[in-house]
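What follows is a short report on a single structure.
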Amino acid sequence: WNAQRALLKVDGKCEDTELPQGLPLINDLFIPEIERSESGEPLGSCTSTSLKYSGSEYLLGNVSVNVILPESNGATDPSTEDWNATLETNVQNEIVEGLNELRNLYTLTTSLKPSFTYHYYLGRTDTRARTQYEPINRNAAPSYNNCSSGEGLWACEILNNLGYSSYSGYTKAREFNGDARIADGTDWAFTIFVINSYNDTDGKFPDGWFGYAWLGGPWVVMTYDNDGWNISQMNKVVKHETGHIFYAFDEYSGSGCNCTEVSGYVNYSNQNCQNSCSSNVNCMMRDNYNAVCSYTKGQIGWGDSDSDTIPDPIDINPETSLTAYSPDPTTNTNLTYNGTATIQKLTNQNVYNYQCDINILTIANVQYRVDGGSWQNATPSDGSFNSATENYTFTVTLSGGTHTIETRAVDELGQTDTSYASDTVTVNVSTPPGVPNGVSGGAMTSVKSDVLGNTINLSWDNGCTGQSYSLVVGPGSGLPTNYSGTYTVDIPSCVCGMGGGNSYTWNNSLNPQLDPKGFYWWIVVATNSAGTTEGSWGKNSGNVERTGPGTNGSSGKCAVTNKDTSNTCGQ
446 WNAQRALLKV DGKCEDTELP QGLPLINDLF IPEIERSESG EPLGSCTSTS
496 LKYSGSEYLL GNVSVNVILP ESNGATDPST EDWNATLETN VQNEIVEGLN
546 ELRNLYTLTT SLKPSFTYHY YLGRTDTRAR TQYEPINRNA APSYNNCSSG
596 EGLWACEILN NLGYSSYSGY TKAREFNGDA RIADGTDWAF TIFVINSYND
646 TDGKFPDGWF GYAWLGGPWV VMTYDNDGWN ISQMNKVVKH ETGHIFYAFD
696 EYSGSGCNCT EVSGYVNYSN QNCQNSCSSN VNCMMRDNYN AVCSYTKGQI
746 GWGDSDSDTI PDPIDINPET SLTAYSPDPT TNTNLTYNGT ATIQKLTNQN
796 VYNYQCDINI LTIANVQYRV DGGSWQNATP SDGSFNSATE NYTFTVTLSG
846 GTHTIETRAV DELGQTDTSY ASDTVTVNVS TPPGVPNGVS GGAMTSVKSD
896 VLGNTINLSW DNGCTGQSYS LVVGPGSGLP TNYSGTYTVD IPSCVCGMGG
946 GNSYTWNNSL NPQLDPKGFY WWIVVATNSA GTTEGSWGKN SGNVERTGPG
996 TNGSSGKCAV TNKDTSNTCG Q
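When you line the sequence shown up against the working numbering, it's residues 446 to 1016, in that order.
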């Protein structure tokens, strides 16, 4: 007893002992039946099946692993096998060891290195994992979607116990795996059934099966002993069968493999098959070595055809869209933009599933730039960049003229959209005449051309571009603080739409009765091309805009009803 346990490494002893091998893992791969149209296209919506029927497209990212150890309750078949804590621990340790070995064979970009989240359903303590049958004493007889014989008897019974009785056939397992994937937030999911064969004489089902998998899932089946491989080498078996879950083919000569058959999200041929193909190296899919050949890598999603360390299935740049600014042209100088960044998907080439296009990457950033300048980070509309589709926003301050705004999305691997989204916008800065805010410039001047002042030559600094100038005149020895009082006395107080020059000759007589001291003031401003927006009608000594009765303090003069407070040139 102790010698046997040492040989099998159950107690961790004699680890250097040359262990016996069981039968080659040939004919251990079964291909699920997929409904297809007359033209051969898979029947099914990728929107509805992508989480359930595409549960293991490529071995990148995070994987949920459901491990079920069925326990016979003796209701139909006599119970000849009973799990105990030691046997359960052995199974758990071997599965974790095997999947860790597989994980460590990955050599591409580290952020996608496979990781596994385990869920154990132990029939000894969990009634949901119990069955009326003694699985090891029944033929495995794998037959897809058949719950009435072979593995389907106990597998479907347990899946019903787990809450999936409303689904037919092996859809029960697809739903079970998909729900685990959703709950865990993982990228993929599959199930491993381990059948107790501890008391069985050969560690195999009566029909000779002991370790096998359905290509692409939903499950792997292994016995505790796996024929002559024994529990101490279950790690090798689970590694090999997980390869099948992620679409790797057998490479044993006896499996009937051929060199030209292809598999995988990105198709790779089976050139390491032991039937006179182009490659002849050790691999986990032909002799259970702790090694993986380039063809198996390609089939499970680890191919890197362009040698950039990014696996083939997700080697594609994201895409960026940008909503054009409106109106264009605009007088606004602070422009807020919105857009969308989207992860793109390569076409699924796999002929053994529903061919749903899937990319597990997420958007990590969106950047923008103005007129070819430095890239700046945009803001995610929902607070963070962490999904395959992200809305973004940013605000830019622009000077007058025509500008080009560009944006680009960046995914979590740093892959960047090189066909930038862009918008060209024209900003018309309708600056009123005179000088800018707070700049003295050339003062507005008034010069009498006759003694009485009936003709007065007015001039101003028109360094600020205006569409059309207007004048307002009023009596008083100082500029008014607002548009009221004597400002609106019945004198020719306004001259509207004078054009774009920098001078005007005032030929209107002034009424000395309005101001016995004979003081008058003038203010010059500009309106925009539509004649609806005025700039600053001068500022008081505190450099504060004068108020008025109209919108934003508009004077209402010259049919102007709205004052543009950003245009601060006035004299």
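Glycine residues also receive a C-beta, built at the ideal position from the N, C-alpha and C atoms.
Since we're looking at a predicted model, the values are computed, not measured.
DSSP places Val896 outside both helix and strand once states are collapsed to three, so it counts as coil.
In terms of Cβ geometry, Leu843 and Val815 form a close pair [threshold 9 angstroms].
Between Ile755 and Asp645, the alpha-carbon positions lie close to 46 angstroms from each other. Secondary structure note for Arg814: it is in no alpha helix (DSSP H), and the uninterrupted beta strand (DSSP E) holding it is Ile808 to Val815.
Inter-residue distance for Pro772 and Glu764 is about 25 angstroms (C-alpha atoms, whole angstroms).
Counting along the chain, Met679 sits inside the alpha helix (DSSP H) bounded by residues Met679 to Ile690. Runs of the beta strand (DSSP E) lying entirely within the segment 497-581, each at least 3 residues long, are 507-514 and 560-567 in chain order. For Tyr697, no alpha helix (DSSP H) encloses it, and the DSSP letter there is neither H nor E. Under the 10 Å beta carbon count, Gly709 is surrounded by 16 or more other beta carbons and is classified as buried. The distance from the Cβ of Thr687 to that of Asn717 is about 17 angstroms, inconsistent with a contact at the 8 angstroms cut-off. Just measuring C-alpha positions, the residue of Ser721, Ala769, Asn641 and Asn899 sitting nearest Ser867 is Ala769. The C-beta separation of Tyr669 from Gly648 comes to about 7 angstroms, placing the pair in contact by the 8 angstroms criterion. Annotation for Ala658: the continuous beta strand (DSSP E) segment containing it runs Gly656 to Trp659.
If you ignore the 5 residues before and after Ile805, its C-beta comes within less than 6 angstroms of the C-beta of Gly506 and Asp632, all in its own chain and listed in chain order.
The C-alpha of Gly597 lies about 13 angstroms from the C-alpha of Trp659.
For Thr555, there are no CB contacts under 7 angstroms within the same chain when 5 residues up- and downstream are skipped.
The three-state secondary structure of Ala866, taken from DSSP, is strand. The segment 807-827 makes contact with the segment 846-866, as at least three CB pairs between them are under 8 angstroms.
DSSP lists Asn511 and Trp664 as the beta-bridge partner residues of Thr636. Between Ile676 and Pro515, the CB-CB gap reaches or exceeds 9 angstroms. Distance from the CA atom of Trp528 to the CA atom of Arg575, rounded to whole angstroms, is 11 angstroms. Rounded to the nearest whole angstrom, the CA to CA distance from Asn472 to Gly662 is 16 angstroms. By a beta-carbon distance limit of 8 angstroms, Asn671 does not contact Phe650. Their separation comes to about 11 angstroms. As DSSP reads the structure, Leu474 sits in a beta bridge with Ala658. CA-CA distance, Phe561 to Phe691, rounds to 14 angstroms.
DSSP, reduced to helix, strand and coil, places Tyr734 outside both helices and strands of the structure shown, so it counts as coil.
Where Gly784 is concerned, there is no enclosing alpha helix (DSSP H), although the beta strand (DSSP E) around it starts and stops at Asn779 to Thr787. Restricting attention to Asn712, Cys728, Gly673 and Tyr589, the CA atom closest to the CA of Val796 is found in Asn712.
Under the three-state reduction of DSSP, Ile745 is assigned to coil, being neither helix nor strand. According to the DSSP assignment, Glu596 belongs to the alpha helix (DSSP H) that extends over Glu596 to Leu604.
Per the Cβ contact rule, the segment 578-594 is not in contact with the segment 720-731 (fewer than 3 Cβ pairs under 8 angstroms).
Restricting attention to Met679, Leu916 and Val870, the CA atom closest to the CA of Leu780 is found in Val870. Scanning its chain for C-beta atoms nearer than 7 angstroms, with the 5 sequence neighbours on each side dropped, one finds around Cys702 the residues Phe694, Asp695, Glu696, Asn715, Cys718 and Asn720, in chain order. Cβ neighbours of Ile759 within its own chain (closer than 6 angstroms, five residues either side excluded): Asn804 and Leu806. In this structure, Ile513 keeps its C-beta atom at 9 angstroms or more from the C-beta atom of Tyr578. Selection Asn952, Glu602 and Gly845 evaluated against Asp895 yields Asn952 as nearest (Cα-Cα).
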